[in-house]
Each structure stands twice: as C-alpha cells, then as structure tokens.
Amino acid sequence: AQIDREHLRLWKDECGFFGFFDTVDDVEVAQALIDAAAAWLRGRGMKKMRGPMSLYVNEEVGILIEGYEHPPVLMMGHSRRWQSRLCDEIGLTKEKDLFCWRYEADTPFPARVLKAWDDIKRLPEVRLRSIDTSQMQREVEAIMEIYNDAWQGKWGMVPALPDEVRKVAEEMKLIIDEDLAFIAEIKGKPVGMCIMLPNVNEALADLGGKLNPVTLAKLAWRLKVKHPRSTRLMMLGIRGEARSNVKRYGGLSAAMYVEVAKRGVAKGYQWGELSWTREDDAPINLGIRSMGAKLYKKYRVYERAL
C-alpha cells in the first residue's frame with residue numbers, strides 16, 4: 033500500500049493505492065493481502081483504495097483481464113489468469129479499464145491521415161526533431177513539461193516532479209532509439225512529443241527477469257547488435273495551446289503517429305504496442321482504431337471504499 037501526496041494535493045479525493053499484487057489462486061490469501069493494504073491506508077486517513085498501481089500511474093498499472101496469450105511489453109505487467117477473478121470475489125469493484133493496441137508495421141494508413149502528415153511536414157514553422165541523447169536531462173525536462181500540460185486533468189494524472197525527471201532521463205538513456213523518440217516544435221518551442229521505445233522485454237526473456245551488472249551488459253550488447261522486433265509507443269501528447277489552433281495544427285497528432293510509424297518501419301521493427309489508453313477516451317481510441325491498430329489487451333484498475 034502507498035500514499036501519493038502529489039495525487040492527494042491535486043485530486044483531494046482521500047484515495048490511497050495498492051500495488052505489486054500477486055497471489056496463488058486462493059481467495060483467502062487474496063483477501064488477507066487486500067485487507068492488510070486497506071487497513072494500512074485506513075489508519076492513515078484514506079477513504080478509498082485504488083490499484084494495482086506499482087508504484088504510480090506512470091508505471092505498471094492494472095491487472096490484465098484480456099490478452100493473456102500475449103507476453104508483456106516494456107513496463108507493462110502480466111497477471112495470472114485468476115487474479116482478476118479473485119479481485120471480484122474479494123469485493124473490489126471496477127474503477128477503469130485500460131486499452132492496449134497492436135499496430136503491425138505493414139498496416140497502410142488511410143489517405144486522410146497521410147495527407148495530415150504531409151500538410152504538417154510542409155509547415156515552415158513546424159519541426160519534428162529526434163531526441164538528442166547527449167542532452168538527455170534537458171530533453172526529458174521538455175518532455176515532462178509537455179506531459180504536465182497535455183495530460184492535465186486526465187484520470188489519475190499526477191505532474192512529474194524533478195526527481196522523477198532525473199530518474200526517467202537515466203533510465204531512458206539506456207534503451208532509447210533516437211529515431212523513435214522526437215519532439216514537435218513550433219517556431220522553436222517544444223509543443224508535442226512522441227516517445228516510442230524498443231521492447232527490451234524481448235531481449236530480457238532468457239535472463240530470468242533479473243537485472244544486475246552481468247545481465248545489463250548482456251542487454252546492452254544485444255540491443256547494440258540487433259534491436260527487438262517490437263516497440264512500445266508510451267507517450268504521444270501535444271500542449272493545449274497547439275491543440276487549440278485546430279485550423280493550422282489540427283493534424284499534428286495524426287502526423288506524429290505517421291512519422292513514428294514510418295521511422296519504425298525504416299528501422300526494421302515489425303509491430304508496436306500503443307499503451308495505454310483509457311476505455312472512456314473515445315476520441316483517442318477512435319483515432320487509433322482508424323489508423324489500423326487492433327485492440328488486443330485490456331487491464332483493469334480496481335477500487336474499494338475504506
């Protein structure tokens with residue numbers, strides 16, 4: 033169980049969280065785990081509990097409820113088939129479902145989407161530039177500023193703090209492919225970002241799930257010699273000021289999707305996961321579906337009154 037003070041400051045909902053939930057197929061064991069988390073949060077003044085979030089909304093979230101046959105991609109969890117059933121049996125209720133989409137590299141884009149990409153690329157003030165890994169701290173700061181603006185007010189959103197920015201910069205530098213991560217600038221100002229990372233889970237599959245100096249060295253060598261077949265599109269967002277100028281920049285989001293897909297194909301990636309989106313974010317889900325991606329996994333976040 034954990035309490036996110038930034039979440040409480042922003043949302044004022046007296047909500048605590050549980051995470052790292054794993055159990056044998058035994059309702060009594062699951063009940064004991066959840067009751068212990070609930071008691072800890074209740075004793076600290078929380079009125080409800082939500083999860084699993086391990087540790088917070090921008091890390092591993094939810095329990096897999098559909099798509100068990102597919103292995104997890106980078107920074108996405110994989111649940112045992114009985115875990116969602118146990119959650120129902122011990123009195124947790126659904127708070128939100130999260131969607132994961134699969135896009136095959138050979139999927140053709142609709143003509144209107146390609147036109148949006150071409151129109152944006154022709155605008156003289158717009159630039160889609162790759163991340164500069166030699167300036168990683170600066171780049172991640174720009175990304176997080178865009179994130180804080182673009183995701184403002186969305187379900188579960190908590191602004192990125194300086195310590196998180198430094199942590200993300202260090203972690204991303206290990207695995208980032210500069211061609212798959214870029215910032216959209218208008219007149220030199222960062223207004224959008226697209227972060228797609230190689231699915232390093234492929235390279236970790238036979239390393240026992242353990243990261244230590246030896247396995248990290250093996251991972252670095254593998255990524256250098258041959259990149260994975262798949263990617264994960266983790267973030268694509270645009271500042272409100274650019275989104276509001278629909279007449280000129282209304283196609284920017286679609287253009288960024290096309291741009292990153294074309295870059296992935298050029299590098300030889302075969303497919304990518306776009307994750308995650310909220311079940312009730314109809315415009316985003318419709319846009320992703322219209323570009324040929326298929327809904328292939330669902331995760332569920334649960335809640336319980338305290």
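According to the working numbering, the residues represented by the sequence shown are 33 to 338, in order.
Glycine included, each C-beta is placed from N, C-alpha and C at the ideal position.
All values reported here derive from a predicted model rather than from experimental measurement.
Thinking C-alpha only, which one of the options is nearest residue i?
i    : options                   : result
V105 : M228, K256 and L268       : M228
L235 : F141, W183, D312 and K258 : Sequence check: residue 235 is Ala here, not Leu. Ranking the options by Cα distance to A235, first place goes to K258.
M204 : A252, M189 and R321       : A252
A33  : W43, P84 and D58          : P84
W133 : N180, G324 and A337       : G324
R336 : E196, T263 and Q63        : Q63
R310 : D36, V93, K128 and P103   : K128
K126 : S86, P103, E173 and K80   : K80
M108 : E46, L130, R144 and E60   : L130
D151 : E196, L124 and A287       : A287
S166 : H110, D120, L193 and E202 : E202
E60  : R117, E92, P103 and R74   : R117
F49  : T55, R41, M78 and L42     : M78
R295 : F53, D211 and E273        : D211
D67  : W43, G185, S86 and L124   : L124
Q169 : M225, R198, E136 and A213 : R198
Under a three-way DSSP split, which group does residue i fall into?
i    : result
K186 : coil
R112 : coil
G48  : strand
Y301 : coil
E217 : strand
V93  : strand
I66  : helix
Look at the Cβ atom of residue i, then the Cβ atom of residue j, and state whether they are nearer than 9 Å.
i    : j    : result
L255 : I178 : no
N233 : R261 : no
E98  : K329 : yes
Y289 : L268 : yes
N317 : A192 : no
Y100 : R113 : yes
L338 : L87  : no
Can you give the beta carbon distance from residue i to residue j, rounded, assuming they're within the 8 Å contact cut?
i    : j    : result
P142 : S322 : 7 Å
I215 : I163 : 7 Å
R332 : I122 : Contact flag wrong, Cβ pair sits at about 14 Å.
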